[in-house]
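Residue numbers (our numbering): 45 to 693.
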């Protein structure tokens with residue numbers, strides 16, 4: 045084992061520096077920005093991209109130098125130890141320079157999503173008392189910052205996606221139109237920012253303090269409001285140690301394609317691990333999965349981190365995959381595409397399989413993983429590094445009303461998963477502090493994170509996912525996971541994506557409701573009948589869905605996770621008498637969380653629908669949020685006028 049990796053009791057910056065090799069000219073980053081070959085094409089309507097991918101290569105020496113220059117520039121701008129700098133950026137070299145420079149001087153990062161609303165940005169700045177923003181130089185982000193910081197004394201540092209490219213490339217790049225330019229007070233451009241640090245003689249390295257918070261990362265918000273999680277230096281370093289303990293090693297200098305954004309913990313933790321392994325990190329500022337095929341073809345990386353969405357785009361076309369060694373996929377519904385990616389690798393020259401990682405931001409993505417020396421198809425894998433688990437049963441004491449957790453020691457028995465280890469973060473910050481005690485619980489002096497999922501463990505210590513606690517279906521007092529339904533539906537070759545959620549029933553409590561995205565919509569009725577036949581063949585009658593809905597896309601959160609709450613809202617509204625069609629979309633504009641399109645008979649009001657929704661949400665215990673209704677009133681004879689295919693069993 046590498047002693048430098050095992051000792052995580054260092055600052056994030058020092059841990060990286062101690063694990064970098066001594067070859068200053070070794071490529072550390074390869075940064076590419078996609079450029080359409082034909083800029084007049086509306087790429088949103090294209091299934092495949094027609095692009096070129098110019099790149100810049102950044103060596104170890106250049107990276108170290110830029111981190112130091114960034115640290116000195118931060119000092120010149122007045123950033124001190126303990127200050128918080130909000131980062132509203134994407135995967136660029138400058139984002140990584142900023143991350144490590146902040147840690148070097150003892151300041152803290154606060155990552156927010158680039159598409160954050162004005163109200164959310166303002167709330168975050170006030171919540172964490174951040175006086176600095178490092179932002180992507182983008183018209184919409186600039187506008188949001190200007191509106192969010194009105195009346196605040198906040199200094200803004202901006203950099204463009206092509207900041208690291210040569211001046212000649214920048215001159216040829218398209219410029220935003222004058223009407224799109226938004227002036228901001230207290231703005232300093234990246235080049236001026238870096239230049240300001242030349243008068244700072246040195247940036248002294250911050251000393252390590254045990255359990256000190258080095259930054260904040262927000263949760264995905266799949267079932268509620270995103271919360272700011274406090275990340276310690278030990279948390280930031282723990283994934284790298286876990287891989288070393290597990291025996292998962294990366295060869296120095298080999299390309300590792302990273303598609304996961306730095307503003308989510310999965311991206312941050314894996315970036316630190318890959319850089320500390322001396323892999324060459326290949327990054328791209330755009331998160332569109334349609335780039336994945338081209339990037340794999342160009343770079344032929346041995347290693348990659350992506351999502352199931354990237355798998356779905358990749359498998360549309362064949363290419364040589366003989367280079368593949370370790371490809372990880374994190375996110376919802378990996379089980380639905382596991383066979384697809386494994387078959388794709390095999391058919392295209394690789395003996396590798398797709399691995400998955402399971403964890404959460406609260407565990408700084410340390411948890412359960414499949415890996416080269418621990419893989420069993422269909423499982424989540426085994427515990428990673430020093431992570432430990434409890435599987436528990438939860439009951440409420442009838443006398444006290446308090447929850448009682450009891451450990452399930454039997455193999456193959458389903459229960460709620462709790463994890464602990466060096467990945468356990470320090471809790472939620474700001475306005476979400478009160479939520480900490482609900483998720484971080486103390487058992488016999490050890491802090492565990494409630495993962496919110498049901499699992500079971502087999503005789504070989506592999507863990508199996510059985511569904512979200514909030515997505516378990518309780519039908520006539522019997523609880524079961526929708527996972528088997530999803531697997532059955534996903535067997536159909538025309539199914540692109542699928543999720544099954546609990547739907548309220550007056551007579552049965554809850555029943556399964558399937559939401560399905562197709563690859564081809566030419567004969568929906570035939571596909572639906574075939575899907576139902578597959579479910580009948582593979583799922584016991586009591587577990588089968590009572591409702592199927594074919595839709596164009598699933599509702600997702602900002603970091604590409606399925607928004608279960610949105611689908612519950614949609615299903616609930618569809619049950620209100622007189623509602624003929626309902627479709628929900630994410631809004632997230634600061635005023636509304638969702639936009640709901642309704643087709644309903646005359647006489648039904650928005651208030652009536654909302655009152656009904658809230659009554660059912662109270663029974664099922666989900667948060668309605670703020671909804672903007674767009675209502676189209678129709679006559680009974682127009683019932684066929686619906687924009688989705690729904691079948692009730």
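Built from N, CA and C at the ideal position, the CB exists for glycine as well.
Put residue i into one of helix, strand or coil per three-state DSSP.
i, result
"residue 180", "strand"
"residue 71", "strand"
"residue 561", "strand"
"residue 674", "strand"
"residue 356", "helix"
"residue 569", "helix"
"residue 689", "strand"
"residue 212", "helix"
"residue 300", "strand"
"residue 450", "strand"
"residue 95", "strand"
"residue 587", "helix"
"residue 344", "coil"
"residue 80", "strand"
"residue 478", "helix"
"residue 580", "helix"
"residue 486", "strand"
"residue 244", "coil"
"residue 157", "coil"
According to DSSP, what are the bridge partners of residue i?
i, result
"residue 627", "641"
"residue 391", "In the DSSP output, where bridge partners are listed per residue, residue 391 has none listed."
"residue 257", "276"
"residue 426", "413"
"residue 373", "350, 400"
"residue 437", "450"
"residue 541", "561"
"residue 201", "178, 232"
"residue 43", "Outside the modelled stretch of the chain, which goes from 45 to 693, sits residue 43, for which no answer is possible."
"residue 152", "128"
"residue 432", "464"
With the cut-off set at 8 Å, would you say residue i and residue j are in Cβ contact?
i, j, result
"residue 590", "residue 660", "no"
"residue 328", "residue 84", "no"
"residue 623", "residue 671", "no"
"residue 548", "residue 452", "no"
"residue 576", "residue 560", "no"
"residue 161", "residue 632", "yes"
"residue 544", "residue 557", "yes"
"residue 72", "residue 52", "no"
"residue 127", "residue 176", "yes"
"residue 643", "residue 678", "yes"
"residue 70", "residue 104", "yes"
"residue 473", "residue 260", "yes"
"residue 310", "residue 374", "yes"
"residue 147", "residue 258", "yes"
"residue 489", "residue 286", "no"
"residue 498", "residue 483", "no"
"residue 252", "residue 58", "yes"
"residue 608", "residue 515", "yes"
"residue 352", "residue 377", "yes"
If I follow the unbroken beta strand (DSSP E) through residue i, where does it start and stop?
i, result
"residue 591", "591 to 595"
"residue 693", "Element bounds for residue 693: n/a, residue is neither H nor E."
"residue 495", "490 to 501"
"residue 316", "Here residue 316 belongs to no beta strand (DSSP E); instead the alpha helix (DSSP H) covers 309 to 320."
"residue 522", "522 to 524"
"residue 444", "Per DSSP, residue 444 belongs to no beta strand (DSSP E) and is neither H nor E."
"residue 729", "This structure gives no information on residue 729, because the portion of the chain shown stretches from 45 to 693."
"residue 653", "First-last for residue 653: 650 to 664, but that is the alpha helix (DSSP H), not the beta strand (DSSP E)."
"residue 460", "459 to 464"
"residue 327", "324 to 327"
If you follow the alpha helix (DSSP H) that residue i is part of, which residue opens it and which one closes it?
i, result
"residue 144", "137 to 149"
"residue 127", "Element bounds for residue 127: n/a, residue is neither H nor E."
"residue 58", "56 to 63"
"residue 235", "234 to 240"
Hey, is residue i's beta-carbon within less than 8 Å of any beta-carbon in chain C?
i, result
"residue 498", "This model lacks chain C altogether; it includes just one protein chain."
Determine, using beta-carbon pairs with one atom in the stretch 358 to 376 and one in the stretch 331 to 345, whether at least three such pairs fall under 8 Å.
yes
Are the stretch 121 to 141 and the stretch 88 to 95 in contact at 8 Å, needing three or more beta carbon pairs?
no
Is there contact here, the stretch 383 to 397 with the stretch 296 to 303, by at least three beta-carbon pairs under 8 Å?
no
Cβ contact check for the stretch 520 to 532 and the stretch 474 to 489: 3 or more pairs under 8 Å:
no
Contact between the stretch 406 to 414 and the stretch 434 to 453 (3+ Cβ pairs under 8 Å):
no
If we count Cβ pairs, one from each stretch, closer than 8 Å, do we get three or more for the stretch 226 to 245 versus the stretch 117 to 126?
yes
Touching or not, the stretch 454 to 465 and the stretch 502 to 511, by the rule of three or more beta carbon pairs under 8 Å?
Contact holds: three or more Cβ-Cβ distances are below 8 Å.
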